[in-house]
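Going left to right, the sequence shown walks through residues 0 to 762 as numbering that gives the first Met the number 0 numbers them. So the structure is just underneath, and the comments pick up after that.
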Amino acid sequence: MVPDGAIFMVGSVALLAGSVAVALAIFALGSLRRSAKRVAGQVREIRRHPEVGELTPESETGLKTLGVELNHLLGDLRARLRQAAARSGDLLALMDAPSDLALVALDGEWQITAFGRGAVAVTGWPREEMLGRHVEILFAPGSWETILPKLARRSLREAGIAERVRLQRRDGELFPALISLAPAPEGRAATAGFLLVARDLTAERALETRLRESEERHRRLVEGVGDGVFILQGERLVYVNPALARIVAIEREALQGRPFKDLLEAGDLLRTMDIVRRAERGEEGGAGEIACRLKGEAGGAPLEARVAWSRTEFGGRPALIGTVADLTARARLEQVIAASEARLQAILMSTADGILVLGVSSRGGSVVLANRAFCEQFGLPAEDMPGLSEAELAGRLQARVADPARILSFLEEASRPGASPRLEGLEVTVPRRALLDLATGPVRAASGEILGLLFTSRDVTVRLDLEGNLRQGMDDLGRAKSELEGAYRELAEAQKSLAQRNEQLERLNAELKSLDEMKSNLLANVSHELHTPLVSIKGYTEMILKRRLGPLTPEQERGLSVALKNIDRLVEMIDNLLSFSRMEKGETQLHLEDIPLWQVVDEAVEMVGERIKKKNIAVTTEYETDDLMMRGDRTKIGQVLTNLLTNAVKFNKEGGGITIRARKGPRGFLEMEVADTGIGIPAEEQGKIFERFYQVDGSSRRKYEGTGIGLSIVRDILRLHGGSIRVSSEPGQGSVFIFTLPLARVQAGSAARPPAGRGRARE
Ligand code: ADP
Numbered sequence: 000m001v002p003d004g005a006i007f008m009v010g011s012v013a014l015l016a017g018s019v020a021v022a023l024a025i026f027a028l029g030s031l032r033r034s035a036k037r038v039a040g041q042v043r044e045i046r047r048h049p050e051v052g053e054l055t056p057e058s059e060t061g062l063k064t065l066g067v068e069l070n071h072l073l074g075d076l077r078a079r080l081r082q083a084a085a086r087s088g089d090l091l092a093l094m095d096a097p098s099d100l101a102l103v104a105l106d107g108e109w110q111i112t113a114f115g116r117g118a119v120a121v122t123g124w125p126r127e128e129m130l131g132r133h134v135e136i137l138f139a140p141g142s143w144e145t146i147l148p149k150l151a152r153r154s155l156r157e158a159g160i161a162e163r164v165r166l167q168r169r170d171g172e173l174f175p176a177l178i179s180l181a182p183a184p185e186g187r188a189a190t191a192g193f194l195l196v197a198r199d200l201t202a203e204r205a206l207e208t209r210l211r212e213s214e215e216r217h218r219r220l221v222e223g224v225g226d227g228v229f230i231l232q233g234e235r236l237v238y239v240n241p242a243l244a245r246i247v248a249i250e251r252e253a254l255q256g257r258p259f260k261d262l263l264e265a266g267d268l269l270r271t272m273d274i275v276r277r278a279e280r281g282e283e284g285g286a287g288e289i290a291c292r293l294k295g296e297a298g299g300a301p302l303e304a305r306v307a308w309s310r311t312e313f314g315g316r317p318a319l320i321g322t323v324a325d326l327t328a329r330a331r332l333e334q335v336i337a338a339s340e341a342r343l344q345a346i347l348m349s350t351a352d353g354i355l356v357l358g359v360s361s362r363g364g365s366v367v368l369a370n371r372a373f374c375e376q377f378g379l380p381a382e383d384m385p386g387l388s389e390a391e392l393a394g395r396l397q398a399r400v401a402d403p404a405r406i407l408s409f410l411e412e413a414s415r416p417g418a419s420p421r422l423e424g425l426e427v428t429v430p431r432r433a434l435l436d437l438a439t440g441p442v443r444a445a446s447g448e449i450l451g452l453l454f455t456s457r458d459v460t461v462r463l464d465l466e467g468n469l470r471q472g473m474d475d476l477g478r479a480k481s482e483l484e485g486a487y488r489e490l491a492e493a494q495k496s497l498a499q500r501n502e503q504l505e506r507l508n509a510e511l512k513s514l515d516e517m518k519s520n521l522l523a524n525v526s527h528e529l530h531t532p533l534v535s536i537k538g539y540t541e542m543i544l545k546r547r548l549g550p551l552t553p554e555q556e557r558g559l560s561v562a563l564k565n566i567d568r569l570v571e572m573i574d575n576l577l578s579f580s581r582m583e584k585g586e587t588q589l590h591l592e593d594i595p596l597w598q599v600v601d602e603a604v605e606m607v608g609e610r611i612k613k614k615n616i617a618v619t620t621e622y623e624t625d626d627l628m629m630r631g632d633r634t635k636i637g638q639v640l641t642n643l644l645t646n647a648v649k650f651n652k653e654g655g656g657i658t659i660r661a662r663k664g665p666r667g668f669l670e671m672e673v674a675d676t677g678i679g680i681p682a683e684e685q686g687k688i689f690e691r692f693y694q695v696d697g698s699s700r701r702k703y704e705g706t707g708i709g710l711s712i713v714r715d716i717l718r719l720h721g722g723s724i725r726v727s728s729e730p731g732q733g734s735v736f737i738f739t740l741p742l743a744r745v746q747a748g749s750a751a752r753p754p755a756g757r758g759r760a761r762e
């Protein structure tokens, strides 16, 4: 954009010219002063010279005045010289000071008459070797020849020349230099001379390179920025960067040289161009900006843009350099940022973890943000949080925890650079008891710079309490385990002794079994042995009572009748015992047949008829139907009914009642009941009465006779038939024995009992 090194060249020339001008001024002032001194001396001489003689008073006054004037001039020149010297040092200082500025005085023959310290430094030649030598020695071979012709021209020689040439150092090294060769001020030397000022450009070349690099960086920057950049000259675009081409969607090459108005939306054209025109003319000040609309892509919506400019020069002519910011894209971006900020805010506010950001600045930290969860966990009003200083925050947090020292040392640790401490199980007491885990870490900008500190807090009350409970539970469990182990040991010992006991019991059991067998055998044998004589006793007694053996007195008859009754009872008992021992041995066999129910019932009632009558008991039968037929062993079922009726009479009260019921039950069974109005059976005894030899009153002084095997025989017989029995009783109210028997397969109507017997009380 800017012509290569032009500014630098101009600068160098100006500096050189300045140096020369100052040098020349000092030379001039110096020679002027010397001339004035000479004139003053001459005036003095004139006044004192004997040959001059007496002067006329006018001449005397004139000369005096001239002397005074000259003295004034001298004073003035001294002051000016001092001023000039003050500005650039004295002449020598100027000759010697800048190490890269060589001052060389030359006579008319181009021979060196003075060689400044700068010249020594630049060329490497010592001063004393150079005085009197031709200046050509300082030039690269052939260089001096190129200058000579210019110096031959009088006009140029008088005005002085400035040239870029190559000079040569003493060691032969060539270097670029800018020289100025001008006539030395007159009066400086006897002969007319020249002053050569040479500037070593080696360092400046390096500078030039740096400048070029910086220009390149600048160019890249302009090419790379997101905003459009343009240079406008005569309302035409003479430069546009790629971003501007992108924004207006026109090729960069196509934009080059195009009128600026082509970019503008018709509605904004006149207004904008008016301002641009005046800006170019400099009527709008050095810089300005304007919001306007640019044409969008073909057929697209116009773009909102901000155009800013400042006046500059381009190619030596005034121009406007400007930027174009696409506000449409910016607005879209702002929307995106706002949406993302809103999302962030929503997340911050909804998360269950507490979050607090402490901004760090030179004036100390202050709260930038605290989310809802943080405020709630510490019971802090959310609206007070932003701007709260670090110290205030520390104070408030301390007031809400059980152990303020803990949170204080945590906050101190957190503010130490590079530290990211954690604090676990901090107990908060206000607004309610809770346990919190705190953590912190730095918030960094994209550049890595620390912007602040982020604190997070998590409520772990439930977890810690659960952990506590769990630990407690584990302890309890441990204790329980050891107790259990103890118990287990005891159990093992108990089991061992139990096993021993079992062994003993088994032995005992075996003994008992053999005893039981012996008893059963004895019982069977005794019953059998008793049965035969009893039957013969019974037969004889009946024969006597029938008077087959002769007449009987009434007393004899009564006595024998009583004996016969007791013999019958005895036979009955022995029968029971016999069938019991047969049942026990498993020798019982059933002779099944279909029998009308009323028959077996009537036979059994007949069997105990004597005792029923004696106790004045009313017997009632209730059949569901008269033709109920059962299938069973007639003798055995007779025994069941006889035993139940015997008990119903035995445990009944005088004048009591017995009811026999029968109905069809489920699954091909008959359901029968024998109910009495006797003493009843206590609930706790009801389960035991079916066991053999069990009697509710088992004492020797008991009121009711019996063996305690009647019900056990009943149960066994019913079981043999596939039936069962249970009792329902209330002491003092009577008992009901309920049992089941198989129904006959065919219920024959012919088996029905004459209707007269139905439901009739029998005495
Ligand atoms: P026992 O020969 O003693 O009658 P059981 O086996 O027939 O033997 O009866 C056992 C016991 O059950 C009886 O001693 C009696 O205590 C009780 N018991 C049986 N039937 C009745 C009943 N109908 N009323 C009251 N108690 C009865």
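All C-beta atoms in this analysis are idealised placements derived from N, C-alpha and C, irrespective of residue type, glycine included.
Ligand 1 and V695: does any heavy atom of the ligand fall closer than 7 angstroms to the residue's C-beta? yes
Considering only heavy atoms of ligand 1, does any lie closer than 7 angstroms to the CB of G631? no
Within 10 angstroms of its Cβ, does E653 collect 16 or more other Cβ (buried), or is it exposed? exposed
In whole angstroms, what is the alpha-carbon distance linking G637 and E602? 7 angstroms
Would you mind sorting M129 into buried or exposed? The rule is 16 or more other CB atoms within 10 Å of its CB. buried
Going by C-alpha to C-alpha distance, which of S309, V695 and V429 sits closest to E282? S309
Output needed for T439: all residues of its chain with C-beta closer than 7 angstroms, excluding positions within five of it in sequence on either side, in chain order. A413, S419, P420, L452, L453 and F454
Excluding sequence positions up to five away, which residues of its chain have a Cβ less than 6 angstroms from the Cβ of A445? none
I need the DSSP call for T190, collapsed to helix, strand or coil. Summary for T190: the model assigns pLDDT 46, below 50, so the residue's position carries little reliability; its value from the coordinates is reported in the next sentence. T190 falls in the coil class under three-state DSSP.
What's the gap between the Cα of M348 and the Cα of A372? 7 angstroms
Per the contact definition of three or more C-beta pairs closer than 8 angstroms, is the region 383-394 in contact with the region 352-369? yes
Please give me, in chain order, every unbroken run of the beta strand (DSSP E) with length at least 3 that falls completely inside the region 589-628. 591-595 and 617-622
Near A661, what residues of its chain come up, given a Cβ to Cβ distance below 7 angstroms and the 5 sequence neighbours on each side ignored? L596, Y622, E623, L627, L669 and M671
Simplified DSSP state of H133, which is helix, strand or coil: strand
Contact the region 234-247 vs the region 204-211: 3+ CB pairs below 8 angstroms: no
May I ask you to check if the CB of I611 is nearer than 7 angstroms to at least one heavy atom of ligand 1? no
Beta-carbon contacts of V695 that lie in its chain and below 6 angstroms, excluding the five residues immediately before and after: E684
Measuring CA to CA, which of E411, E426, R415 and G386 is closest to V400? E426
Neighbourhood of G386 by C-beta distance below 7 angstroms, restricted to the same chain and skipping five residues each side: S365 and V366
For the beta strand (DSSP E) holding D436, just list the boundary residues, first then last. A433 to R443
For N370, is the classification buried or exposed, using 16 other Cβ atoms within 10 angstroms of its Cβ as the cut-off for buried? buried
Would V648 and R610 be called neighbours here (beta carbons separated by less than 8 angstroms)? yes
Among the residues of its own chain, which have a CB less than 6 angstroms from the CB of V735, if the five just before and after it don't count? E672, A674 and S727
Limits of the alpha helix (DSSP H) - the one that D567 falls within: P553 to K584
Flag A647 as yes when its Cβ comes closer than 7 angstroms to any non-hydrogen atom of ligand 1, and as no otherwise. yes
L742 (DSSP reduced to helix, strand or coil): strand
Whole angstroms is fine: what's the gap from P532's alpha carbon to E571's? 14 angstroms
What three-state label does DSSP hand L548 in the structure shown? coil
Reference G664, options A617, E704, I616 and G722, closest by Cα: G722
Per DSSP, cross-strand counterpart(s) of L100: R198
Run of the alpha helix (DSSP H) containing E411, from where it starts to where it stops: P403 to S414
Helix, strand or coil: how does DSSP classify F692 here? coil
Go to G358, then tell me how far its beta strand (DSSP E) extends in each direction, as first and last residue. G353 to G358
Within its chain, find whatever has a CB closer than 7 angstroms to the CB of R126; leave out the 5 residues flanking it on each side and keep chain order. F114 and V119
How long is the line joining the alpha carbons of G287 and M272, rounded to whole angstroms? 14 angstroms
Heavy atom of ligand 1 within 7 angstroms of I724 beta-carbon: no
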